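> Protein chains in written order, with this note's numbering: chain L, 114 to 627; chain H, 114 to 627. Ideal Cβ placement from N, Cα and C applies to all residues, glycine included. Values in this document were obtained by computation on a predicted structure and should not be read as measured data. Submitted below is the structure of interest, expressed as structure tokens.
Number of protein chains: 2
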Amino acid sequence: MRSIRLRVDWRATASLLGTVLKYLAVALLVPLTVAVIYWEDIWVFAVAIAITVTLGFTLERLDPEPDMGPAEALLLVTVSWLAVAMVGSVPYLLAGYGTASTLANPVNALFESMSGFTTTGATVMGEISTDQHSHALLLWRQLTQWLGGMGIIVLMIAILPELAVNGAQLMKTEAPGPELQKLTPRIAETARVLWLVYFGFTVLLAALLYGLHLAGFAPNMHLYNAVAHAFTTLPTGGFSPESDSIAAFSAVVQWVIIPFMVIAGTNFALFWHLLDGDIRTLLNDAEFRVYAGAIAVLSAILAALLYGGAAPAQELGGTTAGNTENALRQAAFQVGSLMNSTGFATSDFAQWGPTAQALLLFTMFVGGSAGSTGGGIKVIRWLVVMKAIRRELSVTARPEAVKPVRLGGYVVDEDVVRGIMVFTLLYLALFGAATVFFAVDSLRVGYELSVLEAMSASIATLGNIGPGFGMLGPFGSYLGFPPETKIVMVFLMWVGRLEIIPVLAVFTGAFWKR
Amino acid sequence: MRSIRLRVDWRATASLLGTVLKYLAVALLVPLTVAVIYWEDIWVFAVAIAITVTLGFTLERLDPEPDMGPAEALLLVTVSWLAVAMVGSVPYLLAGYGTASTLANPVNALFESMSGFTTTGATVMGEISTDQHSHALLLWRQLTQWLGGMGIIVLMIAILPELAVNGAQLMKTEAPGPELQKLTPRIAETARVLWLVYFGFTVLLAALLYGLHLAGFAPNMHLYNAVAHAFTTLPTGGFSPESDSIAAFSAVVQWVIIPFMVIAGTNFALFWHLLDGDIRTLLNDAEFRVYAGAIAVLSAILAALLYGGAAPAQELGGTTAGNTENALRQAAFQVGSLMNSTGFATSDFAQWGPTAQALLLFTMFVGGSAGSTGGGIKVIRWLVVMKAIRRELSVTARPEAVKPVRLGGYVVDEDVVRGIMVFTLLYLALFGAATVFFAVDSLRVGYELSVLEAMSASIATLGNIGPGFGMLGPFGSYLGFPPETKIVMVFLMWVGRLEIIPVLAVFTGAFWKR
Ligand SMILES: [K+]
Ligand SMILES: [K+]
Chain L
114 MRSIRLRVDW RATASLLGTV LKYLAVALLV PLTVAVIYWE DIWVFAVAIA
164 ITVTLGFTLE RLDPEPDMGP AEALLLVTVS WLAVAMVGSV PYLLAGYGTA
214 STLANPVNAL FESMSGFTTT GATVMGEIST DQHSHALLLW RQLTQWLGGM
264 GIIVLMIAIL PELAVNGAQL MKTEAPGPEL QKLTPRIAET ARVLWLVYFG
314 FTVLLAALLY GLHLAGFAPN MHLYNAVAHA FTTLPTGGFS PESDSIAAFS
364 AVVQWVIIPF MVIAGTNFAL FWHLLDGDIR TLLNDAEFRV YAGAIAVLSA
414 ILAALLYGGA APAQELGGTT AGNTENALRQ AAFQVGSLMN STGFATSDFA
464 QWGPTAQALL LFTMFVGGSA GSTGGGIKVI RWLVVMKAIR RELSVTARPE
514 AVKPVRLGGY VVDEDVVRGI MVFTLLYLAL FGAATVFFAV DSLRVGYELS
564 VLEAMSASIA TLGNIGPGFG MLGPFGSYLG FPPETKIVMV FLMWVGRLEI
614 IPVLAVFTGA FWKR
Chain H
114 MRSIRLRVDW RATASLLGTV LKYLAVALLV PLTVAVIYWE DIWVFAVAIA
164 ITVTLGFTLE RLDPEPDMGP AEALLLVTVS WLAVAMVGSV PYLLAGYGTA
214 STLANPVNAL FESMSGFTTT GATVMGEIST DQHSHALLLW RQLTQWLGGM
264 GIIVLMIAIL PELAVNGAQL MKTEAPGPEL QKLTPRIAET ARVLWLVYFG
314 FTVLLAALLY GLHLAGFAPN MHLYNAVAHA FTTLPTGGFS PESDSIAAFS
364 AVVQWVIIPF MVIAGTNFAL FWHLLDGDIR TLLNDAEFRV YAGAIAVLSA
414 ILAALLYGGA APAQELGGTT AGNTENALRQ AAFQVGSLMN STGFATSDFA
464 QWGPTAQALL LFTMFVGGSA GSTGGGIKVI RWLVVMKAIR RELSVTARPE
514 AVKPVRLGGY VVDEDVVRGI MVFTLLYLAL FGAATVFFAV DSLRVGYELS
564 VLEAMSASIA TLGNIGPGFG MLGPFGSYLG FPPETKIVMV FLMWVGRLEI
614 IPVLAVFTGA FWKR
């Protein structure tokens, strides 16, 4: 079968990208409807839909009956995130056109759009409020993250494992559904099941938040805000139409969002088992135990630090020193948010003490679980890396005792171990190289940037987290960076979201030749 | 054979450590002689010798006929660097006793001694000059690096490859000598051959430097300085009895030292082939080509930056802007010194522009060659890591085409590839963890430390480089750090020098049990 195809069928890929864009046009009906409701800039979305539909149909006509193999799937994944981010920036550009908005600049618009679709949540918007921007545009921004999260679920659980990408196979054993068959029907079925989970949690959170509002516990959590924040919690997105992020809401709202952030970073396939009444699969899952345990332990340490006065008494977030409830809430919220790469904030942690910030920086390197919408290196990879290190030490100590790496009772294939180590090395190398680039590029244009800020910018974009430290804190902005740096950040968000290796593989000669 | 031995024979290890200490006592005769010549503190070294000899004999008596297997060799390597550093700190302590010297503090003395024996070259001495310290003590400091270098050669080419430690096998193919036989005779033979190369280059450099002095080209390079600097060039040590390091000497001295630094970072086994009249083995060696090529390319880029004004006109080092000779010399010297972890300096590169510093920071992550005295990750590991990454991308692009990793025509065993990736990940993890620790610990005691300084302290100690950036620059000092940080640095120098995995392996349960 494969030997017949001499190279990648780019026409088929382009045609399928056309189909993706048609779905994007359908999604654009949501902000259009909002614009109608609020009597806002309807033309922005009407024009965006027209452009998107035209592009979609044009591409689809390149190959009326596209046939997708592994190579085409890889190319489609890589190209579609870039293309969707570009097309998705059109509403920002149109709304910003002729105004003083920072989004009138194409680099800024692309940055904001890529940040949305990759569920990063880093922003270059000036003031974020419905006074400055339309409800429709800000909801589009929220929706891009929710759509990006849908794409990630398919990518993580359906596509990458089939393509045997760098240890993504580990997630396959967890995924429900039939045995490996033809690629396309399996993707469709797995995706359907997991989208249901994703959709269900989104509706549940929106209903809970709006319920709190109706019950009087959350004055400003009206329907718009409830939906907007549900849209960006489940995909570990972190965008908010409120410039104060979740600090804008009451303590009870913050407590409600915490478990949903934890859920967003958990393997969604485990919840499917839960719906079948099977809670043991969740509780016995090696990755979930470490993920949940790490959140608990790090939250407890951070809460102790905050209780001891690690955070200044702030306008947003309030006093944590000596305040048990607030120390616990701020700690759990920030750890839950940064570990799995959500990026919401209830306090300006960029102002916290050095130990607390070091702990948060560490947290940012952990990442979510496999099969979740969370980004970063991910818990399961750290588990395999640590077990591989331990194995290597044992082998050095006792050369005659070579043992396989085991995870949750299963032997991890050596190819998978190797792929995970390569991924982790590449991740760290990209992180380091980008840090140096940001530092040097900023100094070049005279933009003051500390090494910590450069590091946090690098991990926050590559890990799809969003906020960093210093002026990139949760209430800060990426606006001031030079355009070259922003373009590198767009690249980092893109490759980071797609697990690096698939994107880079498309750039190899081996992918195109033969 | 092995199955008979139920656990590590610690008595045999202790006995062999006793022998090592007896050799150390012999080495202490050198500073004793210098003290006699200069009419200095003879008692310091007499007492140190007495202590060392007593310890050595006591330990030797634990097992009069020690039998060394792989486990004992591993333990001996690990323990001896620590024990030698401790015993080697006695002269510092005795000389500092009752004075205002910073070395009167045991932590400082241990730091300086470990920095010497690991060929790191980081210092906590206050003012470095023969006015403040005796010629004998400063020569002891130089000698510790030369002895450390001797130890490293045995470790790298003779011991680690036999123990199959994390890719050290790669170096074995290069080493001369007979087939694998019994462990002890082979170590002795390989060591003898390579010590000859080491000794030969040391004598050659000392003769050249003193020759320049006699010829009038190097006024202050008298015999003491010529020997002292030859002692720390070949082991990539970097200590100097002059507080201005190599900036204290004339341009011609600097030009002469550059090729010897390059040599110090090259696989010594290649020079053995050279003595046989075989230059092709050197020129065709994959690692040497990349190592020499990287020095050439990075020096050229840095020279261009310096020529363009990246360094301020300095008291030490002079003006490089518009000065071709000086720009080339400063660039080649600093790149040659930092890449293979020597740490000599001819200019305060901590004052250079951000791009130049970023380039030097990158250089510090490269490391020397396998089978050299250079530290760090090392060129050969980067080659294997990059080839493994490339292979992974190819496999992702075309799953049917799995190829082995090749280096210089040979297939690299998958175990070796895996071991090298584990090493690199551990190295980067230790680097990151130490950086965070240094930053937090310094802030705790109110010692101002930038993130760049913390990073450079971490890589400079773990990579056995010596100087870093900011106040840890080549003319700076590690004195101001809190004691906890210094102890962690002692640990980093120790594990970094011993290639991390052997030390950590000794701490595993698998090493001691069964
Ligand atoms: K995010
Ligand atoms: K050094």
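If you follow the beta strand (DSSP E) that leucine 142(H) is part of, which residue opens it and which one closes it?
Leucine 142(H) -> not in any beta strand (DSSP E); alpha helix (DSSP H) instead, spanning 142-150.
> Hey, is phenylalanine 624(H)'s beta-carbon within less than 7 Å of any beta-carbon in chain L?
So yes, phenylalanine 624(H) belongs to the interface.
> Could you list which residues in chain L have their beta carbon closer than 9 Å to that of glycine 532(H), in chain order?
The answer, in chain order, is Glu505, Val508 and Thr509.
> Give me the Cα-Cα distance between methionine 269(L) and leucine 189(L), rounded to the nearest whole angstrom.
Those two C-alpha atoms are separated by around 14 Å.
> If you measure from the beta carbon of proline 467(H) to each beta carbon in chain L, is any gap under 7 Å?
Yes, its Cβ sits closer than 7 Å to a Cβ of chain L.
> Please indicate yes or no: does the CB of asparagine 453(L) lie closer than 6 Å to some heavy atom of ligand 1?
It does not: the Cβ of asparagine 453(L) is nowhere closer than 6 Å to a heavy atom of ligand 1.
> Using the beta-carbon of each residue, which ones in chain H are nearer than 9 Å to serine 563(L)?
Here the neighbours are Ser563, Val564 and Leu565.
> Could you name the residues of the same chain whose beta carbon sits closer than 7 Å to that of alanine 140(H), not counting the 5 residues immediately before and after it, in chain order?
So the list reads Leu256 and Leu260, once near-sequence residues are dropped.
> So with CB distances below 7 Å, who are the chain H contacts of threonine 537(L)?
The contacting residues are Leu538.
> When you compare each of Asp391(H), Pro595(H), Tyr311(H) and Ala471(H) to threonine 486(H) by their alpha carbons, which one comes out closest?
With distances taken between Cα atoms, threonine 486(H) lies closest to Tyr311(H).
> Taking valine 524(H) as part of the beta strand (DSSP E), name the residues at either end of that continuous run.
Valine 524(H) -> beta strand (DSSP E) spans 523-525.
> Under 8 Å, with one C-beta from each stretch per pair, do the segment 318-328 of chain H and the segment 416-430 of chain H reach the 3-pair mark?
Output reads no: the segment 416-430 of chain H does not touch the segment 318-328 of chain H.
> Quick one: complete alpha helix (DSSP H) runs, 4+ long, within the segment 354-432 of chain H?
If we require 4 residues or more, the alpha helix (DSSP H) runs fully inside the segment 354-432 of chain H come out as 364-377, 381-388, 393-397 and 399-420.
> Using the three-state DSSP reduction, which class does leucine 520(H) fall into: helix, strand or coil?
Leucine 520(H) falls in the strand class under three-state DSSP.
> Is leucine 556(L) close to chain H, meaning its C-beta is less than 7 Å from at least one C-beta of that chain?
Yes, because at least one Cβ of chain H sits closer than 7 Å to the Cβ of leucine 556(L).
> Considering only residues of the same chain and omitting the five flanking positions on each side of leucine 473(L), which have a CB-CB separation below 7 Å?
Hits under 7 Å: Gln447, Leu451 and Phe462.
> So is leucine 336(H) buried or exposed if we call it buried at 16+ other beta carbons inside 10 Å?
Result: exposed.
> Just how far apart, CA to CA, sit glutamate 292(L) and glutamate 302(L)?
Residue placement at glutamate 292(L) is poorly supported in this model, since its pLDDT is 36, which falls under 50; the coordinates still yield a value, given next. The alpha-carbon atoms of glutamate 292(L) and glutamate 302(L) are separated by roughly 11 Å.
> Find the nearest neighbour of serine 193(H) within the set Asp176(H), Gly169(H) and Leu206(H), judged by alpha-carbon distance.
The shortest Cα separation from serine 193(H) among Asp176(H), Gly169(H) and Leu206(H) belongs to Gly169(H).
> On the criterion of 16 or more Cβ atoms from any shown chain inside 10 Å, does threonine 236(L) qualify as buried, or is it exposed?
Classification for threonine 236(L): buried.
> Enumerated in chain order, which unbroken segments of the alpha helix (DSSP H) with a length of 4 residues or greater are wholly contained in the segment 540-598 of chain L?
You should have 564-575.
> Please report the distance separating the alpha-carbon of valine 149(H) from that of alanine 360(H).
About 29 Å.
> Compare the beta carbon distance of valine 515(L) and valine 508(L) with 7 Å and say whether it is the shorter of the two.
Result yes, Cβ atoms of valine 515(L) and valine 508(L) sit closer than 7 Å.
> What is the C-beta distance between alanine 469(L) and leucine 415(L), in whole angstroms, given that I count them as a contact (C-beta under 8 Å)?
With 8 Å as the limit, alanine 469(L) and leucine 415(L) qualify as a contact, their Cβ atoms being about 6 Å apart.
> Would you decide whether serine 242(H) is buried or exposed? Buried here means 16 or more other CB atoms lie within 10 Å of its CB.
Label assigned to serine 242(H): exposed.
> On a CA-only basis, which of Glu597(H), Val366(H) and Ala319(H) is nearest valine 553(H)? Give me that one, please.
Comparing Cα positions, the closest option is Glu597(H).
> Residues of the segment 395-426 of chain L in Cβ contact with chain H at a cutoff of 9 Å, in chain order, please.
The segment 395-426 of chain L vs chain H, Cβ under 9 Å: nothing.
> Can glycine 481(H) and glycine 378(H) be called in contact, C-beta distance under 7 Å?
Yes. Within cutoff.
> Whole angstroms is fine: what's the gap from leucine 347(H)'s alpha carbon to glutamine 245(H)'s?
Going by the C-alpha atoms only, they are around 26 Å apart.
> With three or more beta-carbon pairs closer than 8 Å as the criterion, would you say the segment 215-225 of chain L touches the segment 434-449 of chain L?
At 8 Å Cβ cutoff, the stretches do not touch.
> For glycine 209(H), collect the residues of the same chain with a Cβ closer than 6 Å to its Cβ; drop the 5 residues on either side in sequence, then sort them by chain order.
Hits under 6 Å: Leu216 and Ala217.
> Is it true that the segment 587-607 of chain H meets the segment 497-504 of chain H, where meeting means three or more beta-carbon pairs spaced less than 8 Å apart?
No contact exists between the segment 587-607 of chain H and the segment 497-504 of chain H.
> Quick check: what's the CA-CA separation for lysine 285(L) versus valine 603(L)?
Caution applies to lysine 285(L), whose pLDDT of 45 falls short of 50 and renders its modelled position unreliable; the model cannot decide the point.
> On a Cα-Cα basis, can you pick out the residue from Asp528(H), Gly422(H) and Gly488(H) that is closest to valine 608(H)?
Among Asp528(H), Gly422(H) and Gly488(H), the Cα nearest to that of valine 608(H) is on Gly488(H).
> Please list the terminal residues of the continuous alpha helix (DSSP H) segment that includes tyrosine 337(L).
Its alpha helix (DSSP H) spans residues 336-346.
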